[in-house]
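The opening position of the sequence shown corresponds to residue 253 in the working numbering, with each subsequent residue numbered one higher.
Glycine is no exception: its CB is placed at the ideal position from the N, C-alpha and C atoms.
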Amino acid sequence: MSPELDRLIKLQQLDSTIEDARRRIAAHPDRLADADTRLSEAKQRVDGAKQRLKDNQEARRALEKDAAVFQGRVGKFKDQLSEVKTNREYQAIQHEIETAQKDLGVVEEKVLEQMLDADTITADVKQAEGLLAAEQKAVEAEKAALTRELASVEAAMKEASEARASLVAQTDPTLIAMFEQVARARKGVAICAATRDGLCSACHVRLRPQVFQEVRRNDAIIQCFSCNRILYYVPPPAQAEPAVTHT
Ligand SMILES: [Zn+2]
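Right under this line is the structure:
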């Protein structure tokens, strides 16, 4: 293979490595933010469950106040009962006592419901706290892994950039300019292999037989007539069986 073609293939590999690293570095803040979002969602679930528990306790206290009022009313009427003079008065107060007791019963029933709800909500709080603790651990581990990954991607990018600079220094500048121009026009890919049946592997046009013959020699810079990418050829791996020979 011609040294120029060989350098351009390496240049393409380095550019792909650099582009991949750039993309991963750019995605890093979003990946950290995703982890933080998961954590804050878990926190919100805990806060939500705790708020429901608080609301439940407040409702229960209010109901207990109501119960105390009705209880007081029952007691007051019972006191009055001992002082009544007439049967009619007695019946009226008796009726008041029954009403107050009925009201008290309704409120006590509600208190009981709130207590049962409180058990469920307390279990929800515990479960949400357990999930939060697990998420905290997972996010911590994920962030540590992301930080390590970022460091290694940055190192790979630095290494590839240095290798690229030295490769560019060794290569004909007009060739580099041509390579970069094609790369800009073709989503970063300036060089590609021709397939064994004579197609450009990037744009899939069929090369003219004579051009394909030249590409196969790998000793000149030949561009695809359709996409302008520089073409090279990877010969099939040598057959293991010695019976197949090329003469
Ligand atoms: Zn092409």
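Subject >> Arg468: CB within 7 Å of a non-hydrogen atom of ligand 1 >> reply: Counting from one through the sequence shown, the residue named residue 468 turns up at place 216. Every heavy atom of ligand 1 is 7 Å or more from the Cβ of Arg468, so no.
**OP:** Give the straight-line distance between the Cα atoms of Ile261 and Ser478, rounded to the nearest whole angstrom.
**Re:** Taking the sequence shown and counting its residues from 1, the one referred to as residue 261 is at position 9. Taking the sequence shown and counting its residues from 1, the one referred to as residue 478 is at position 226. Each residue's alpha carbon lies about 19 Å from the other.
Subject >> Nearest-residue set for ligand 1, Cβ under 6 Å from any heavy atom >> reply: Qualifying residues, in the order they occur: Cys452, Ala454, Cys455, Val457, Cys476, Ser478, Cys479 and Arg481.
Original post:
Would you call Val377 buried or exposed, if buried means 16 or more other Cβ atoms sit within 10 Å of its Cβ?
Top reply: Position 125 of the sequence shown, counted from the start, is the residue given in the question as residue 377. Buried is the label assigned to Val377, since at least 16 other Cβ atoms lie within 10 Å of its Cβ.
Original post:
Which residue spans inside the stretch 373–401 form an unbroken alpha helix (DSSP H) run of at least 4?
Top reply: Segments of the alpha helix (DSSP H) lying fully in the stretch 373–401: there are none.
Subject >> Ala446 - DSSP class collapsed to helix/strand/coil >> reply: Here residue 446 corresponds to residue number 194 of the sequence shown, with the count starting at 1. DSSP, reduced to helix, strand and coil, places Ala446 within a strand of the structure shown.
Original post:
Contact check, Ala442 vs Arg481 under 8 Å by CB: the rounded distance?
Top reply: Here residue 442 is taken as the residue at index 190 of the sequence shown, counted from 1. Here residue 481 is taken as the residue at index 229 of the sequence shown, counted from 1. At roughly 6 Å, the Cβ-Cβ gap stays under 8 Å, so Ala442 and Arg481 are in contact.
**OP:** Give the DSSP-derived three-state secondary structure of Ile482 in the structure shown.
**Re:** Locating residue 482 in the sequence shown gives position 230, where the first residue counts as 1. DSSP, read as helix, strand or coil, puts Ile482 in strand.
Subject >> Reduced DSSP secondary structure (H/G/I, E/B, other) of Arg458 >> reply: Against the sequence shown, residue 458 aligns to sequence position 206. The answer is strand: DSSP assigns Arg458 an E or B state.
Original post:
Per DSSP, what kind of secondary structure is Ile428 in: helix, strand or coil?
Top reply: Position 176 of the sequence shown, counted from the start, is the residue given in the question as residue 428. Ile428 falls in the helix class under three-state DSSP.
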